[in-house]
Amino acid sequence: MNIESKWLEDFLALAEVRNFSVAAEMRNVTQPAFSRRIKALEQTVGAELVDRSKTPVELTPSGRMFRITARTLMNQMMEGIGQLSDLSKLGGNMVRVAAAHSLATSLVPTIQPQLSAGKHNPLLSVEAVDVDQAIEVLQEGGCDLLLAFDDAQLRLPPYQSLQIGQAELLPVCACDSEGNPLYSIDKDQEVPWLAYSPTSYMGRQVEAVRDQVNLKAVFLSSMTDLLKTLAMQGQGVAWLPDYAIVDELASGKVAVIGESHLRLPITYYAYRYQARLHPAGEQVWQALRNLV
Numbered sequence: 001m002n003i004e005s006k007w008l009e010d011f012l013a014l015a016e017v018r019n020f021s022v023a024a025e026m027r028n029v030t031q032p033a034f035s036r037r038i039k040a041l042e043q044t045v046g047a048e049l050v051d052r053s054k055t056p057v058e059l060t061p062s063g064r065m066f067r068i069t070a071r072t073l074m075n076q077m078m079e080g081i082g083q084l085s086d087l088s089k090l091g092g093n094m095v096r097v098a099a100a101h102s103l104a105t106s107l108v109p110t111i112q113p114q115l116s117a118g119k120h121n122p123l124l125s126v127e128a129v130d131v132d133q134a135i136e137v138l139q140e141g142g143c144d145l146l147l148a149f150d151d152a153q154l155r156l157p158p159y160q161s162l163q164i165g166q167a168e169l170l171p172v173c174a175c176d177s178e179g180n181p182l183y184s185i186d187k188d189q190e191v192p193w194l195a196y197s198p199t200s201y202m203g204r205q206v207e208a209v210r211d212q213v214n215l216k217a218v219f220l221s222s223m224t225d226l227l228k229t230l231a232m233q234g235q236g237v238a239w240l241p242d243y244a245i246v247d248e249l250a251s252g253k254v255a256v257i258g259e260s261h262l263r264l265p266i267t268y269y270a271y272r273y274q275a276r277l278h279p280a281g282e283q284v285w286q287a288l289r290n291l292v
């Protein structure tokens, strides 16, 4: 199927004004030429898009549906062109990174100095998103690299993966003025629980020990930083990645509670498509390799 972008623009103009003469003038073409282009579009998609028997003209059911498609295609095209323009203005060195929230806030700042050196001088553009959403961003081509947790699908072709770290989800709570934990995890006593959303990656990990503890969910979020803030306020117990609470543990603001089997291992990776990235992207990938 070969659809010209100008046909889509013609159709969207006609859908807006519902008049062939006015739409042709908007598109700066003669009405006969405009009509031929709309007819060519209809022949290509195999459906009548415009009901010409009505005044003003109306879109057919197929036309109304195709209007959504046409608008989406044009938006995607303009966005892609805009990104290429931005990349050109930046000298082709921008590397788009999608990262799970906790990895974006805790890990990216520590690796940035090691990624920015080299002849291509990569410029990281980092977007912090929910883990499952981040995976979709990579699959849909919305980023060059993804920093996220273990995902079996992304460790298979057509993707490449690189394990860049391991951590633990630690059950923690705030401490009182004497440095004692405000809560303890006891099977016989219910404890307020600052929980990850059940469908999130972290939430699924905690579910593995859910039947071994007596917890009452008092708050839900997929954002580690938010759960950390509430835990430090003494609102309850939260499972937090160790890299996100290094300073808080060292200063005694929070303490790890519960038995050792409640400490949950997690692994995080860098992911990409197998297809070669632009030079700055490849430099960042190599820098990540060197960190391992």
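Counting with full-length UniProt numbering, you get residues 1 to 292 for the letters of the sequence shown.
Glycine included, every Cβ here is placed at the ideal spot set by N, Cα and C.
For the beta strand (DSSP E) holding residue i, just list the boundary residues, first then last.
i: residue 223; result: No beta strand (DSSP E) contains residue 223, which DSSP labels as neither H nor E.
i: residue 164; result: 159-174
i: residue 96; result: 94-100
i: residue 267; result: 264-273
i: residue 177; result: Element bounds for residue 177: n/a, residue is neither H nor E.
i: residue 238; result: 238-241
i: residue 248; result: Element bounds for residue 248: not the beta strand (DSSP E) but the alpha helix (DSSP H), 246-250.
i: residue 125; result: 123-129
i: residue 208; result: Residue 208 -> no beta strand (DSSP E), and no H or E assigned at all.
i: residue 148; result: 145-149
Taking 8 Å as the cut-off, decide whether the C-beta atoms of residue i and residue j are in contact.
i: residue 62; j: residue 40; result: no
i: residue 103; j: residue 147; result: yes
i: residue 312; j: residue 200; result: Any answer about residue 312 is impossible in this case: the structure gives the chain only from 1 up to 292.
i: residue 20; j: residue 57; result: yes
i: residue 291; j: residue 164; result: yes
i: residue 214; j: residue 235; result: no
i: residue 67; j: residue 156; result: no
i: residue 196; j: residue 106; result: no
i: residue 198; j: residue 274; result: no
i: residue 24; j: residue 30; result: yes
i: residue 280; j: residue 114; result: no
i: residue 272; j: residue 112; result: no
Does residue i pass the burial test, meaning 16 or more other C-beta atoms within 10 Å, or should it be called exposed?
i: residue 241; result: buried
i: residue 211; result: exposed
i: residue 252; result: exposed
i: residue 227; result: buried
i: residue 122; result: buried
i: residue 261; result: exposed
i: residue 192; result: buried
i: residue 283; result: buried
i: residue 151; result: buried
i: residue 209; result: buried
i: residue 259; result: exposed
i: residue 37; result: buried
i: residue 136; result: exposed
i: residue 276; result: exposed
i: residue 180; result: exposed
i: residue 51; result: exposed
i: residue 144; result: buried
i: residue 15; result: buried
i: residue 140; result: exposed
i: residue 178; result: exposed
i: residue 70; result: buried
i: residue 75; result: exposed
Would you kindly report the start and end of the unbroken alpha helix (DSSP H) that includes residue i?
i: residue 198; result: Taken as a continuous stretch (DSSP letters only), residue 198 belongs to no alpha helix (DSSP H), as it is neither H nor E.
i: residue 8; result: 5-17
i: residue 45; result: 31-45
i: residue 282; result: 279-291
i: residue 256; result: Here residue 256 belongs to no alpha helix (DSSP H); instead the beta strand (DSSP E) covers 254-256.
Using 8 Å for Cβ pairs, my map puts residue i next to residue j. What's the rounded Cβ distance?
i: residue 27; j: residue 4; result: Going by Cβ atoms, the distance from residue 27 to residue 4 rounds to 13 Å, so no, they are not a contact pair.
i: residue 174; j: residue 133; result: Not really, about 30 Å apart at Cβ, beyond 8 Å.
i: residue 249; j: residue 194; result: Not a contact, Cβ separation roughly 17 Å.
i: residue 289; j: residue 162; result: 6 Å
i: residue 44; j: residue 2; result: 7 Å
I'd like to know whether the C-beta of residue i is nearer than 8 Å to at least one C-beta of chain B.
i: residue 260; result: No chain B appears in the structure shown, which is made up of a single protein chain.
Does the region 214-230 come close enough to the region 264-281 that 3 or more CB-CB pairs lie under 8 Å? no
Spell out a yes or no on whether the region 150-170 and the region 243-263 are touching, meaning 3 or more CB-CB pairs, one atom from each, closer than 8 Å. yes
Three-pair Cβ contact test at 8 Å for the region 95-102 versus the region 123-130: yes
Kindly confirm or deny that the region 200-218 and the region 231-239 touch, where touching means at least three C-beta pairs closer than 8 Å. yes
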